[in-house]
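Chains as they are written, first to last, in this note's numbering: chain A, 26 to 222; chain B, 870 to 1243.
Glycine included, C-beta positions come from ideal geometry on N, C-alpha and C.
For clarity, every value in this text was computed on a predicted model and none was experimentally measured.
In what follows, a single structure is set out as structure tokens and then discussed.
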């Protein structure tokens, strides 16, 4: 994914975090987002990461990283420990979708979720042309993608309604990282939500 | 075996003449600690790392001794120039704990009240007592605060206890293959080991020194049992399987399977060098360790006073101190908003993994220590 787009994604999340707040980043990788939230926003950050190499990179970045598998939930983290729980570009790779969303809002007061929009017009075009989409936000071939779930903004919002989750804010970006204000389910490539109870 | 990174080392001895009040209620009038150091203490005395030993360890952590170049320290693979505990940067200290049998004051030392070996009268010492004694050693070395205290298993418990006993004297705690307290199963294993020693006719109620014998059978059994719990089932299957020794198949009770041979060898080796009274006390220290006990079993509150930053490491095949036990520590620290990193290392070697030269594991320790500011 492009650096420009990643920054816009992180810009949004950073703007939602207040100094001193506690943030849990699920699938934190090398801890880039947390490092930024700590350095720029004065947040207290923790990350969960499964891959050993990423855990090592996060330790090199001085991040409070906890090695663990999101599919096993967030057992051990106490209720309401965090102000924000972030799941950035990872929900589509998680098998137990409802459980992880529920867990995020158990341990945190707010869930911040970003994911690629399968209904982005270029993705639709690719499928119309008979091929699975490959794009900035879906950068894999069908045979090597880590993504398990393919869903759209409308699908996600329907799930939120079913689970009784409140959408506090939604920002949608196109492939160039620009904010999309109209027809987001058609023109948006990446969606970022703030959810609460 | 790797070549000893720090070369030839020599143990030193420090005598402490101030009495030490022990958690169990008794007072040691004076004591000695034997220790080794590697690397140089910097001018600011800010680069010291204490390495705490586990059940059967001692102060000889790294290097080899002049009288026996093959006598390489028990954690040599992690200490030395260019190794994770880089002696070009850090001043590393290994110490034999109180109650030990490698030179520090212990059950075989003379009891000043009787001039005979302490034997059974040597008090039961706890992890808290060890840490208090280690703090005396830090004073002796002029170290106000350790850059880090590190240990595996029972050694990890000491690193954790340092953060609670002396929050201002430890900046980082590396707690490896440890647990916030033993499970009932763990205590059960320890007690079977103790019973093996206590019921050995040569134990003489702990006063065997004056009878000129040692409870070798009990100590041997204790070690064999312990050794089983330090390995993983997979590793045992791979290393020994059901292989028979050559010429076996006698339908008797001599050594037939390779695993039997291995355990008996380990038992004999250990019984030849270790003190039974020390073994009893080390296992009791393990059993008693429970920092949450004074806080209504609430580990979160128990750890709240720690000010150190933590690196917690567990190993996937360690069933004696499983990753779930390490995660209890991690989650209590997270709850308190304390600084912690946790790595769960894939390793086939069970509890003993913490002693292995596994590249990813050592990279985690190395990377963490490199970030420590001196």
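Taking the Cβ atoms as the reference, residue 931 of chain B lies roughly 4 Å from residue 942 of chain B, within the contact range of under 8 Å.
If only complete runs of 4 or more residues are kept, the stretch 1154 to 1236 of chain B shows the alpha helix (DSSP H) at 1168 to 1172 and 1192 to 1204, in order along the chain. Residue 933 of chain B sits away from residue 1028 of chain B, with the two beta carbons spaced by 9 Å or more. Close to chain A, meaning a Cβ-Cβ distance shorter than 8 Å, are the following residues of the stretch 1197 to 1227 of chain B: 1197, 1199, 1200, 1203, 1204, 1206, 1208, 1209, 1210, 1211, 1212, 1213, 1214 and 1215. Interface annotation, residue 55 of chain A: not in contact with chain B, CB-CB separation never under 9 Å.
Here residue 1119 of chain B is exposed: its Cβ has fewer than 16 other Cβ atoms, across all protein chains shown, within 10 Å. Cβ neighbours of residue 190 of chain A within its own chain (closer than 6 Å, five residues either side excluded): 220.
For the stretch 100 to 118 of chain A, the set of positions with a beta-carbon nearer than 8 Å to some beta-carbon of chain B reads 101, 102, 103 and 106 in chain order.
Taken through DSSP and simplified to helix, strand or coil, residue 1098 of chain B comes out as helix. Beyond the five residues adjoining it in sequence on each side, residue 952 of chain B comes within less than 6 Å, by CB distance, of 874 in the same chain, given in chain order. Listed as beta-bridge partners of residue 901 of chain B by DSSP are B/884. Inclusion of residue 1045 of chain B and residue 1181 of chain B in the CB contact set at 9 Å is warranted, their separation being smaller than that value. The stretch 988 to 1002 of chain B makes no contact with the stretch 1211 to 1223 of chain B: fewer than 3 CB pairs, one atom from each, lie closer than 8 Å.
According to the DSSP assignment, residue 1025 of chain B belongs to the alpha helix (DSSP H) that extends over 1023 to 1034.
In chain order, 1160, 1161 and 1164 place their CB closer than 6 Å to the CB of residue 1171 of chain B, counting only its own chain and leaving out the 5 sequence neighbours on each side.
Considered as a whole, the stretch 904 to 962 of chain B harbours 917 to 921 as its complete beta strand (DSSP E) runs of no fewer than 3 residues, in chain order.
Linking residue 1059 of chain B to residue 175 of chain A through their CA atoms gives a straight-line distance of about 52 Å. Counting only residues of its own chain and dropping the five nearest sequence neighbours on each side, residue 152 of chain A has a CB closer than 7 Å to the CB of 158. When 9 Å is used as the limit between beta carbons, residue 85 of chain A is near these residues of chain B: 1236, 1237, 1239 and 1240, in chain order. Inclusion of residue 115 of chain A and residue 52 of chain A in the CB contact set at 9 Å is warranted, their separation being smaller than that value.
Scanning its chain for C-beta atoms nearer than 7 Å, with the 5 sequence neighbours on each side dropped, one finds around residue 981 of chain B the residues 898, in chain order. If the five residues before and after residue 120 of chain A are omitted, its C-beta is found closer than 7 Å to the C-beta atoms of 96 and 173, all from its own chain and listed in chain order. Taking a cut-off of 8 Å for Cβ pairs, the stretch 982 to 993 of chain B and the stretch 945 to 963 of chain B do not touch, as fewer than three such pairs fall below it. In terms of beta-carbon proximity, residue 1046 of chain B stays away from the interface with chain A, with every pair separated by 9 Å or more. Taking the Cα positions, residue 885 of chain B is about 37 Å away from residue 1191 of chain B. For residue 40 of chain A, the closest C-alpha among the options A/92, A/68, A/127 and A/192 is that of A/68. Per the DSSP secondary-structure output, residue 50 of chain A pairs in a beta bridge with A/72 and A/111.
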